[in-house]
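Contents: one structure, followed by commentary.
Residue numbers (the working numbering): 276 to 1009.
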């Protein structure tokens, strides 16, 4: 998979800067991982780690097949938010931070992690810098909503995203796509698979993407400061050792050079006004959507290597799967955080991430009254940050600022059992015991150059075990419908505040979730709805404490979330399908102590030292909207197929809408008003379905909205959505 960082949204600035910046921070194969369509046309998913009909799974799941992804012109993982109600895919600068039903995070620190687990082909991807990637050869994506603490474990308080790609096949095939679009965007993608024998298959896939970007530098007049280039290749070999055992080994390598979303401009707050206008000279900043002001280079560069091995075995009484993974992701970021052309503070942030994981998954055979899943999981992640002042690299080089590092380890055992009490009544019970710890942690106080190890007492404070249960009662009135009520728990693991140069322990977040839902699927009509209630405690937030104040991570908030969600797919005719989804979410901080609130500095010259804002602390907020949580999100898509010119024409569309929400950490600042995004696609394929040509358009109504707010005391910046984009795509299959 190719990492493609978009910096789509930012919620807190760099907490690791401390006092310097004053900023907080299928078919039924039992161990199959894909959503698929059974022989009867029913959708099969693996939300419970075993292949089941979607209508029988007591979890709210948005399942996106290849056609749905193409309809919305989904190119990278974050784009699925346009076709998934209640999901947002925001960022803290380069760090992807998805939110589902109000549960996400704005904290950025070594070992911090996200609240939504991302799994690719069954493998956990923990690094937020690698969580928004280009999609290669994807068969399906499943978005599981609600805590998944039993079957998926730590850091899935909001839910989980499961991405499944194709296995190598002994049947030779290949497909290639080439597209060209506005702003000189070129994209090449190819996949080929071949059988070396009747038991050995290999495949190779790759993707290349480049373009100029849509942003103009008002200082130099350049329209190419946002030039980007990225590529990735993935090779695999699958060996059927016997009729009962198979081994799949994959290697992925990719590089990215993409500054697009680091090209921030000054955020124009409807109450506070332009964030830096009180001290910046005219012409040194801009607030227009396709402009920025810069003199220092900004860049995001990454290199990733990933080796994965999957072993599947039929044991007779059950099916066993083993998932072994080793991955490295090395990233270097250089970005301006004062939002004006005059360089006040330019931050350098190389991050080095290494992950080792091993999971064993045992699942029962289908057909009996007792269906079960059991597993063991081991995870280790080394996360090292280095910070620099990049104000004048050309003459002074990078000036070392500080840094931090953690090694996170987790051990878990879990089981989940469903028993058929009668043909229409089912009871599910499960539990997971996890043990988390952080070793070899240290921080470097800014400018000191001294590596300070975290004390044993601090490390011991986050070394703990946790049990997360799950209980479900399901009633099945017919083969096409299902009613359920569930209780689940989830948690986000405790962390050490090494980014705040204290090493202080921060307790885990905890969520108790209740959900009732109904599902119906007769192949022509698919419908599901759910109501949910969450009690969410000990939220990990970044705020200022101490004298002098520094950005620190503490457990400072509790919240209450409830809402309604539904989605429907209806085949009006064999040639015309409609799908729609909507979610209403009422997410409120019940109590938020020391809520960070930014205040504009008075007078000419700001607060001195080039700063334009100060942070007001000591405020306790109650009953205010949670960060990055619109009350309403929804989408509607259509797909129409007709014969034309001896081939097939497919017309598709997707309209997404989000109501107003707040980027600010306290849930009352930096609003984004409601907006909609419309995507259109027309594709013609010849009668053999070998050749195709497509015209596509994104944001065709040219709606401009803020996609990220980065805030610190030097200035508050924003990035914007791309204007209308369009292009042409050619495809061929062999």
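Backbone N, C-alpha and C fix where the C-beta goes; we use that ideal spot for every residue, glycine too.
Just verifying my parser: in three-state terms, what is the DSSP assignment at residue i?
i           : result
residue 589 : strand
residue 347 : coil
residue 605 : strand
residue 332 : coil
residue 495 : coil
residue 409 : strand
residue 968 : strand
residue 905 : coil
residue 442 : coil
residue 358 : helix
residue 537 : helix
residue 314 : For residue 314, the pLDDT reaches just 44, beneath the cut-off of 50, and the residue's location in the model is therefore unreliable, leaving the point undetermined.
residue 565 : coil
residue 352 : helix
Which same chain residues end up closer than 8 Å to residue i when comparing Cβ atoms and leaving out the 5 residues on each side of it in sequence?
i           : result
residue 799 : 845 and 846
residue 561 : 493, 540, 541, 567 and 568
residue 618 : 570, 571, 611, 666 and 667
residue 977 : 998 and 999
Ends of the beta strand (DSSP E) at residue i?
i           : result
residue 477 : 475-486
residue 727 : 726-728
residue 764 : 756-767
residue 886 : Residue 886 -> no beta strand (DSSP E), and no H or E assigned at all.
residue 866 : 851-867
residue 453 : 448-456
residue 928 : 922-933
residue 502 : Run containing residue 502: none; DSSP gives neither H nor E here.
residue 664 : 645-664
residue 629 : 621-639
residue 366 : 362-367
residue 722 : Looking at the DSSP string, residue 722 is not in any beta strand (DSSP E), and its letter there is neither H nor E.
residue 956 : 950-961
residue 993 : 990-995
residue 467 : 460-470
For the alpha helix (DSSP H) that residue i lies in, which residues bound it at each end?
i           : result
residue 668 : 668-671
residue 685 : Residue 685 -> not in any alpha helix (DSSP H); beta strand (DSSP E) instead, spanning 674-697.
residue 733 : 731-736
What residue from the options has the CA that sits closest to residue i's CA?
i           : options               : result
residue 703 : 747, 730, 677 and 685 : 747
residue 994 : 572, 950 and 566      : 566
residue 926 : 343, 335 and 1007     : 343
residue 795 : 787, 669, 414 and 805 : 805
residue 899 : 558, 909 and 868      : 868
residue 351 : 438, 374 and 767      : 438
residue 781 : 791, 733 and 807      : 733
residue 801 : 390, 336 and 386      : 336
residue 526 : 953, 545 and 480      : 480
On the CB-based measure, 16 or more other CB atoms within 10 Å of its CB, does residue i come out buried or exposed?
i            : result
residue 504  : exposed
residue 537  : buried
residue 1005 : exposed
residue 711  : buried
residue 722  : exposed
residue 1007 : exposed
residue 495  : exposed
residue 731  : exposed
residue 380  : buried
residue 628  : buried
residue 669  : exposed
residue 448  : exposed
residue 459  : exposed
residue 642  : exposed
Residues in its own chain within less than 6 Å of residue i by CB, not counting five upstream and five downstream?
i           : result
residue 997 : 489
residue 600 : 398, 583 and 632
residue 474 : 515
residue 676 : 662, 663, 664 and 721
residue 563 : none
residue 461 : 455 and 485
residue 637 : 593, 595 and 649
residue 915 : 851 and 926
residue 763 : 422, 745 and 788
residue 603 : 580 and 629
Sorted by chain position, which residues of the same chain lie with C-beta nearer than 7 Å to residue i's C-beta, five sequence neighbours on each side aside?
i            : result
residue 443  : 468, 476, 477, 478, 511, 512 and 513
residue 361  : 375, 376, 420, 840, 858, 860 and 908
residue 1011 : No information on residue 1011 is available, as it lies outside the stretch 276 to 1009 that the chain covers here.
Please confirm whether any heavy atom of the ligand GTP lies closer than 8 Å to the CB of residue i.
i           : result
residue 578 : Ligands in the displayed structure: none, and consequently the ligand GTP is not present.
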